[in-house]
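Novice: Numbering-wise, our numbering puts 849 at position 200 of the sequence shown, and it's gapless, one number per residue. Pasting a structure below so you can have a look.
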Amino acid sequence: MTNAYTLLIGSRNLSSWSLRGWLALKLTGVPFETKLFSFHNAERAQIATESPSGMVPSLSIARPGQAPFWVWDSLAIGEFLAETHPSAHLWPADSFARARARSVSAEMHSGFADLRRTCPMNIVKRVENHSLSDETKRNVGRIQQLWRECRHDFGQSGDFLFGALSLADCFYAPVVTRFITYGVAMDETAAAYADAITSWAAMKEWTEGATQEEATRKQGSN
Ligand SMILES: N[C@@H](CCC(=O)N[C@@H](CS)C(=O)NCC(=O)O)C(=O)O
C-alpha cells in the first residue's frame with residue numbers, strides 16, 4: 650500500500666521551511682514519502698509546476714478515486730496534521746500552553762526577517778567570526794527570551810519548549826541550526842535547548858540527509 654502523504658521539499662541543507670513541515674510529519678508517526686527538489690539545479694524551477702504555491706513544503710494527500718488534496722505552507726501543514734492526528738499531540742494539551750505554542754510558532758513564521766536574511770540556514774556550514782547586525786541581534790535576543798519563557802512556564806516535563814516535542818519545536822529547530830552555523834552566542838537555556846534539538850532522532854536523520862546531499866553535490870561539481 651502506498652503512503653497517503655507525499656511532502657515536497659527543497660534541498661535539506663538549505664530549506665528551513667521544508668524542515669519544519671517534515672518534522673511536523675515525523676511527529677505524527679505515520680509513514681510518508683518525500684519528493685526532493687534540489688535548489689542547485691533545474692529541479693528548483695519544477696517546484697512552481699508541482700506545488701500549488703510554487704513553494705516548499707507542500708503536502709499532497711492521496712484520496713482514492715479523486716485527485717490528491719494539497720496543503721501548503723508549513724503552518725497550515727502543521728495545523729492540518731495536528732487536527733487529523735490528535736493522538737500525536739502536535740500542540741500541547743493545556744489551553745494556555747497551546748496558545749503560547751501557537752504564538753511563538755506564528756511569531757517565527759511571520760517574523761525574524763533579519764535573522765533569516767543575514768543567517769540563512771546552511772546546516773553543514775560553519776561560519777567563524779560572523780558579526781551580527783543590531784537588528785539580527787534583536788531577533789536573537791527575542792528568540793532566546795521566548796525559549797527561556799516557554800521552558801520556564803511550560804517545559805517541566807521534558808527538554809523541549811513545552812516539555813514534550815510539539816510543533817513549536819518544529820518551527821524553532823531550523824533556528825537552532827542557524828545559531829550553530831553562525832556561532833551565535835547562546836545563554837544556558839538556549840544551549841540546553843540546542844542540545845535537545847540536535848539530539849532529536851528526526852533532526853539527526855534530516856542532518857544526515859543534508860550532509861549526504863551536499864557531499865553528492867560537491868562530488869558532482871568536481
Ligand atoms: N511561508 C512558507 C514559506 C515557504 C518558502 O519560502 N519556501 C521556500 C524554500 S525554504 C521556497 O519554496 N522557495 C522557492 C524557491 O526557492 O525556488 C511556509 O511557511 O511554508
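We put the CB at the ideal spot given by N, CA and C, even for glycine.
1. Rounded to a whole number of angstroms, what is the C-alpha to C-alpha distance between Ala811 and Ala843?
2. Do the segment 812 to 819 and the segment 766 to 786 make contact, defined as three or more Cβ pairs closer than 8 Å?
3. Flag this pair as yes or no: are the beta carbons of Trp721 and Ala731 separated by less than 7 Å?
4. Looking only at C-alpha atoms, which of Ser660, Leu781, Ser667 sits nearest to Tyr821?
5. Would Lys867 pass as a contact of Thr830 if the rule is Cβ separation under 7 Å?
6. Curious, which full-length alpha helix (DSSP H) runs of at least 4 residues does the segment 726 to 786 contain?
7. Residue range of the alpha helix (DSSP H) that Pro823 falls in?
8. By how many angstroms is the C-alpha of Ile772 removed from the C-alpha of Thr655?
9. Return the residue from the list Arg712, Ala725, Ala755 that minimises the CA-CA distance to Leu674.
10. As a quick exercise: from Gly703, Asn652, Gly832, pick the residue whose alpha carbon is nearest that of Val776.
11. Examine the Cβ distances between the segment 671 to 687 and the segment 743 to 756 and report whether three or more of them are shorter than 8 Å.
12. Report the rounded CA-to-CA distance for Gly727 versus Gly670, giving the unit in angstroms.
13. To which residues of the same chain is Phe718 closer than 8 Å at the C-beta, ignoring the five residues directly before and after it?
14. Check this for me: beta carbons of Val705 and Gly760, under 7 Å apart or not?
15. Assuming Ala737 contacts Gly804 (C-beta within less than 8 Å), just tell me the rounded distance between them.
16. Would Pro823 be called buried (16 or more neighbouring beta carbons within 10 Å of its own) or exposed?
17. Quick one: is Gln861 buried, meaning 16 or more other Cβ sit within 10 Å of its Cβ, or exposed?
18. To the nearest angstrom, how far is the alpha carbon of Glu857 from that of Thr847?
19. Alpha carbon to alpha carbon, what distance is there between Gly714 and Gln794?
20. If you draw a straight line from the C-alpha of Pro701 to the C-alpha of Gly807, how long is it?
Specialist: Taking the structure as given:
1. Checking the displayed sequence, the identity of residue 811 turns out to be Phe instead of Ala. Their Cα atoms are separated by approximately 14 Å.
2. A contact between stretches requires three or more CB pairs, one per stretch, nearer than 8 Å, and the segment 812 to 819 fails this requirement with the segment 766 to 786.
3. No, the pair does not count as a contact, with Cβ atoms beyond the cut-off.
4. Ser667
5. no
6. 744 to 759, 762 to 767
7. 816 to 830
8. The alpha-carbon atoms of Thr655 and Ile772 are separated by roughly 23 Å.
9. Ala725
10. Gly832
11. Here the segment 671 to 687 makes no contact with the segment 743 to 756; the two share fewer than three CB pairs at distances below 8 Å.
12. C-alpha separation (whole angstroms): 7 Å.
13. Ser709, Ile710, Arg712
14. One thing to note: Val705 has its Cβ no nearer than 7 Å to the Cβ of Gly760.
15. About 19 Å; that fails the 8 Å criterion.
16. buried
17. exposed
18. Taking the CA atoms as reference points, Glu857 sits about 11 Å from Thr847.
19. 49 Å
20. 37 Å
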